[in-house]
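Heads up, the thing below is written out as structure tokens.
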Amino acid sequence: MIKFRTRKFLCGLLVFLGLFFSVLTLISIKPTEKVSDYDSFNTSLMSMLKEYDTLRKKETIKLSSDEYKIEGEGVYIKNDTLDKFGIKKLSDGDFSLASEFSELKVTSQNEEIVVEKEADVNRLIVCYDGNLDGFGAVAKAEYNDYHIFQYEDADKTKKAFEYYSTLKGVESVSYDCVVSAESIDVEATAKNYKSWGAEYLGYDEFKTTNLDVYGQNNLEDVVVVVLDSGINTSHELFQGRILHQYAKNYTLESSNTQYSYEDLNEHGSHVSGIIADATYSNVKILPLKVLDQKGDGWTSMIISAIEYVEKLPSSLNVRLMNMSLGVKPKDGETISNALTNAVVSAYNKGILSIVAAGNEQRDAIYSNPANVSCAVAVSGLYQTSNDKLLFDSSYSNYGSYIDFAAPGTAINSANKTGVSSYHSLTGTSMATPHVTACYALVYSSPTYAEYSIDQMTELMQQSAIDLGAVGKDNYYGYGCISLSNIGIMQSGEVLFSQTTQFPTSAFQLQLTIDTSLIPDGGKYEIYYTTDATVSTATNADSLYSTPIYIYRTTKVTAIAYIYDNTQKLVQKTFVTSKTYYFDNLDLLVNYEYYSLNGGIVISEYNGDLTTLQVPQTINYQNVISIDSKAFNSSNVQILYLPSTLKTISASAFYGNSKIKEIQCSSTAVEIEGYAFRYSAIEELDISMITDIGEYAFANTSKLEQLYLPIVTDIAQHAFSASKIKSLIIGQTIENIERQTTLSIDTVYGYADTVAKTFADNNEVEFYDLTLRMTEDYSDRKIVEEKSTFTISSKYIGLALKGTIKVVDLSTGRVIAQDYFIYEETKVGDFEYQLDLTFTNVPVGTYEVYVEFEDGYYNELTTNKCSLIVIDEATTKHEVSFSSGNYIVYIDGKQVTSGTELYAGFDYVLSVEASEGYSLEEIKIGGQPFVNGTTISGLNRDLQIEVKTLKNVNANVLFVLNSFEGSVFVNEQEVRELTFLSGKDLIFKVVAEKGYEVDYVTVNDENLVAQEDGSYKIENVLSDKTITVIFKDKYYALSILDGNGCSYSISSNVRENKVLEGDKVEIQIATSEGYVLTSVIVNGKEYNVVDNIVTIDEVTSDLEVVIQCAKEKSSLFDDSVVVKYLILFIVIFVVFILAKLILHFARKEKAKL
2 MIKFRTRKFL
12 CGLLVFLGLF
22 FSVLTLISIK
32 PTEKVSDYDS
42 FNTSLMSMLK
52 EYDTLRKKET
62 IKLSSDEYKI
72 EGEGVYIKND
82 TLDKFGIKKL
92 SDGDFSLASE
102 FSELKVTSQN
112 EEIVVEKEAD
122 VNRLIVCYDG
132 NLDGFGAVAK
142 AEYNDYHIFQ
152 YEDADKTKKA
162 FEYYSTLKGV
172 ESVSYDCVVS
182 AESIDVEATA
192 KNYKSWGAEY
202 LGYDEFKTTN
212 LDVYGQNNLE
222 DVVVVVLDSG
232 INTSHELFQG
242 RILHQYAKNY
252 TLESSNTQYS
262 YEDLNEHGSH
272 VSGIIADATY
282 SNVKILPLKV
292 LDQKGDGWTS
302 MIISAIEYVE
312 KLPSSLNVRL
322 MNMSLGVKPK
332 DGETISNALT
342 NAVVSAYNKG
352 ILSIVAAGNE
362 QRDAIYSNPA
372 NVSCAVAVSG
382 LYQTSNDKLL
392 FDSSYSNYGS
402 YIDFAAPGTA
412 INSANKTGVS
422 SYHSLTGTSM
432 ATPHVTACYA
442 LVYSSPTYAE
452 YSIDQMTELM
462 QQSAIDLGAV
472 GKDNYYGYGC
482 ISLSNIGIMQ
492 SGEVLFSQTT
502 QFPTSAFQLQ
512 LTIDTSLIPD
522 GGKYEIYYTT
532 DATVSTATNA
542 DSLYSTPIYI
552 YRTTKVTAIA
562 YIYDNTQKLV
572 QKTFVTSKTY
582 YFDNLDLLVN
592 YEYYSLNGGI
602 VISEYNGDLT
612 TLQVPQTINY
622 QNVISIDSKA
632 FNSSNVQILY
642 LPSTLKTISA
652 SAFYGNSKIK
662 EIQCSSTAVE
672 IEGYAFRYSA
682 IEELDISMIT
692 DIGEYAFANT
702 SKLEQLYLPI
712 VTDIAQHAFS
722 ASKIKSLIIG
732 QTIENIERQT
742 TLSIDTVYGY
752 ADTVAKTFAD
762 NNEVEFYDLT
772 LRMTEDYSDR
782 KIVEEKSTFT
792 ISSKYIGLAL
802 KGTIKVVDLS
812 TGRVIAQDYF
822 IYEETKVGDF
832 EYQLDLTFTN
842 VPVGTYEVYV
852 EFEDGYYNEL
862 TTNKCSLIVI
872 DEATTKHEVS
882 FSSGNYIVYI
892 DGKQVTSGTE
902 LYAGFDYVLS
912 VEASEGYSLE
922 EIKIGGQPFV
932 NGTTISGLNR
942 DLQIEVKTLK
952 NVNANVLFVL
962 NSFEGSVFVN
972 EQEVRELTFL
982 SGKDLIFKVV
992 AEKGYEVDYV
1002 TVNDENLVAQ
1012 EDGSYKIENV
1022 LSDKTITVIF
1032 KDKYYALSIL
1042 DGNGCSYSIS
1052 SNVRENKVLE
1062 GDKVEIQIAT
1072 SEGYVLTSVI
1082 VNGKEYNVVD
1092 NIVTIDEVTS
1102 DLEVVIQCAK
1112 EKSSLFDDSV
1122 VVKYLILFIV
1132 IFVVFILAKL
1142 ILHFARKEKA
1152 KL
């Protein structure tokens, strides 16, 4: 009996342990294995894209009156509304200009504003090495590290994006963006190859020197994957070249053709045709159709296609992927992380992506996949009339991500229909396959077949034709892709006899090479060109035989061909170029320009000079304008512009970080909007500026002064946020519009113009340039004959000229300049002193004056000074007085005791008390004298007696609560003080923590603080009582909380305001299923203790961000069904075991 009960107990224990370990297994179960069935993944993706297709679909929304405003011709949409549309705002204000958003189309219908926007893409691509919860996704497709989730609406998509962005282990999260291929129809210009670009890329030279030696049957098979709009399978260029058994269609469109990847757009056929035309039949094309008939597709399609490429058999030798396409990012993002990951993954598996730089005329950093560092990004070139290759700025992107340049303008290639139909297109899409073809040709050679991607790219960099700036640059990368030098040894260079690039006179240039390069019995030939439009030299150029005469700015480019004793070419030197500059003039080839209104507009300078003089004429036409950002890609620091210049166009030097100084002697120049914004300009010597456009000098940081004597109009924000400290504005000014964030401390101008109004409105010191005297000639000057003396005047004005008149009053004639000399010196801002020094003037009476005229025909005449020259024997009388607290003046000039005056003349005598004193009495010769009166016909010495009184003291009392603040005079804290009356009193008020000044009164009258915060009472003559009233100082508190969070605030916070110095406590509660992740206060993460955040001392406005996230549970991920199945199986097995044990137990019992 005991045995039976024990067995029953053991059976129950076994059931319990089975259940316990089952739950334990469920909790600790590992994620399910990643999906490894590519076909299932692609089927799910295509199904998802078809069901939730929003490609090119639009959504129309009517705005309510509070969601927009109209200013001028522009419609401004509220930033909150943009956020509701899922569009990032571009400004920090309340509204943004609708025209700045390419994804919006704004129209007016029935007096209502209607916005048409692209339909939301509610699909995410998450890169994560493991299994993922779909976070409410309505559909999904997963393969390897890619998890593509479709959501019901934009709000759920945004929340999922935020969730995955913070989830540990997630490599990247991206919206599934639209991918497009853009090109332009042009007239065909085909030559031997279908593409004119082939003759520049060295296809034939490489085939001759490298491929033909092996024979086509011995070339390596190379597969080029073209991700595009498909291919014209019937075209003559593609016969025997397409890998049909591997080609696929990833778009949602269907066609009635034999192959689903047939091209309905023409872009893909055109791209593939460029590759096929340049290569032998060993290079196969694998078309993967990812763009539809309109040239659009999805990032997810590209990713699926790249995943497909990676799993193709290695025996195919897939080495290259051509992607002449680009992602249209969501909300201004610059990169699709998902596509970047795919390109990097392919690179790591030995497959190189060659991609288009993009056709938006912007930095390729904003173009994807061009901004993927391991991809090869290609910019576009066009062919000039003299067969030079130049960067095509009319469409091509640029920037540090550019690796190579290739022909991309007016390229002829296969059409989408017909066996032998061809068409011409333009774009970086056309440049890209030229580079792909070069890589495929080199990979075809057994010599280079085993090169790694990095080795091959380095080879291409070394063989590229360097265009633009020396070395890698932002427009050509390493240069135009070229195969012509691969396989032929190059070493050494042509030696130039003149080494300096800035000769001072004409010279004879000699060319030679290092003789050690010449084999025994061999020879060399040097070919050169002075054609500045070419970047290389060949044996088709001039054969050097005699020195070259150089007398003006000239570029010489040379190469040497070296032959062995059998006359076989065995080596070439590297191409050597040297430019010799005269008078800082550069070659015209380094300019881009065009004709406008009978003149030349400089659109770009590509040369190397740092000090540059722009020519006055080009092709017999005057240079009249500088175009937008014409010098931004150059290193020019000092620029001399021609006197023929009329306009510095909009954005001409916008953001130019190199330019320091510009000089121009033109008589009238208009500076258009944004011309110098964000530039590094320090000195602008263009005095004849007539008009200044909006933001022309905004945000300049080094320009401190502008001289504008003839300007008439200054547009809004011309100087906003700049560091300009002084403006000199002439009398011609008619209009100055609103400027903000100014650093200007002085405006020099005319008081009767808007310059004065502008200075007053901006509280800037105004210096009046109105023509005037600051120190005029006295009415009379008495001197002895044969003496040397000087009379002086001071005056203010702009662009002054003057005429000196000295008239003999006895004859009325102007005396000769033999009796005087003059000297003008600058003594202040636009203030000058004119000194007239006379010598040996005959006895007589003369009238001396000067007539001035400024640059605006304003006239001014000095006081006419009566110059009396007397006999040296004339009687003199002495002025005498004791020293004291006063100053004595005769005829307005200060004199000292002992000064002598000539007898018989009238004199005005005045006395002035020293500071702190007052005059009490004046006597002359013991008789009272009225201050400032005339002494007639002086006939005696002047004995002057003066009595003064000392000024009294004034008492000042400050009334304030000491715990609220303090008052300081000369950095000393005071409550009352006594000082000499008649002086100014300046004091500062410093509030204690938690308080600020409310108002200040002086004898019950309000006193306003100065700009620096101090207070000033002028000329204090009596006692003063100064009362300072304080008030509490508060800071604003704002709290942003996310989903799953709530909070409460300590009681000392009222109406979202907190007293300075107070402590704030925030209690945080989380909803069920959520956890608190972080609390950010003013950008800094704070510690949370027992769900409480404490801010000990408030010293500024507070912005608190509370972030919560859903709690992760292993019981409710995508493997929940599998886990519960395992649980069921474990319980079932335990149950069977229990039944067996009970069965045997009963049998044992029966035996008993």
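Residue numbers for the sequence shown follow my numbering, beginning at 2 and rising by one.
Using N, Cα and C, we set each Cβ at its ideal position, and we do this for glycine too.
Bear in mind the structure is a predicted one, so any value in this text is a computation, not a measurement.
- SER414 has its alpha-carbon roughly 34 Å from the corresponding atom of SER48.
- Excluding residues up to 5 positions away in sequence, ASN123 and TYR152 lie with their Cβ nearer than 6 Å to the Cβ of THR158 in the same chain.
- Here GLU785 is not near GLU848, since their CB atoms are 8 Å or more apart.
- With 16 or more other Cβ atoms from the protein chains shown falling within 10 Å of its own Cβ, GLN732 counts as buried.
- Around GLY798, the same chain offers LEU772 and ASP855 as residues with beta carbons nearer than 6 Å, after the five sequence neighbours per side are excluded.
- Non-local beta-carbon contacts of VAL912 in its own chain, meaning distances under 8 Å to residues more than five positions away in sequence, involve TYR887, ILE888, VAL889, TYR890, LEU920, ILE923, ASN932, ILE945 and VAL947 in chain order.
- Counting only runs of 3 or more residues that sit fully inside the stretch 1050-1098, the beta strand (DSSP E) segments are 1058-1060, 1065-1071, 1075-1082 and 1093-1096, in chain order.
- Bounds of the alpha helix (DSSP H) holding ILE275 are 268-279.
- Contact check for LEU646 against VAL670 passes: the beta carbons are separated by less than 8 Å.
- Its chain contains GLN732, LEU770 and THR771 as the residues whose beta carbon lies nearer than 6 Å to that of TYR751, once the 5 sequence neighbours on both sides are disregarded; these appear in chain order.
- Taking C-alpha positions only, SER1079 is separated from SER1101 by approximately 21 Å.
- By the Cβ rule, the stretch 291-311 does not count as touching the stretch 445-452, because fewer than three pairs are nearer than 8 Å.
- GLU263 and VAL1134 have their C-alpha atoms some 57 Å from each other.
- The C-beta of GLY381 has 16 or more other C-beta atoms within 10 Å across all chains shown, which makes the residue buried.
- Excluding the 5 residues flanking it on each side, GLN706 has same chain C-beta neighbours closer than 8 Å at ILE725, LYS726, SER727, LEU728 and ILE729, in chain order.
- Between THR979 and ASN1004, the C-beta spacing is not below 8 Å.
- Between the C-alpha atoms of ASN416 and GLU254 there is a straight-line separation of about 20 Å.
- Look at ALA756 here: in three-state DSSP terms it is helix.
- The residue among ILE366, ILE412 and VAL179 with its C-alpha nearest the C-alpha of ASP297 is VAL179.
- A residue is called buried once 16 or more other Cβ atoms fall within 10 Å of its Cβ, and SER325 is buried on that count.
- The beta-carbon separation of ILE304 and ILE126, rounded to 7 Å, stays under the 8 Å limit for a contact.
- Sequence-distant partners of SER702 (beyond 5 residues in either direction) whose C-beta falls short of 6 Å from its own C-beta, in its chain, are LYS724.
- Between THR935 and ASP907, the gap from beta carbon to beta carbon is short of 8 Å.
- ASN413 has SER425 as its beta-bridge partners, per DSSP.
- Annotation for VAL968: the continuous beta strand (DSSP E) segment containing it runs 966-970.
- Per the C-alpha coordinates, the member of LEU709, ALA699 and SER422 positioned closest to ILE687 is LEU709.
- The three-state reading of DSSP puts SER578 in strand, counting E and B together.
- Secondary structure remark: continuous alpha helix (DSSP H) runs of at least 4 residues inside the stretch 423-469, in chain order: 429-445 and 454-464.
- ALA365 is a Cβ neighbour of GLY400, given a cutoff of 8 Å.
- Check the Cα spacing between GLU735 and each of ILE745, ASP746 and PHE759: the tightest is with PHE759.
- Ranking LEU468, TYR479 and CYS439 by CA distance to the CA of SER485 puts CYS439 first.
- The Cβ neighbour count for ARG814, taken over all protein chains shown within 10 Å, is under 16; the residue is labelled exposed.
- Straight across, the Cα-Cα distance linking MET457 with ASN318 is about 15 Å.
- Assignment of ILE304 by DSSP, reduced to helix, strand and coil, places it in the helix class.
- Residue pairing from DSSP places MET774 in a beta bridge opposite TYR796.
- As the crow flies, the alpha-carbon of ALA1110 is around 9 Å from that of THR167.
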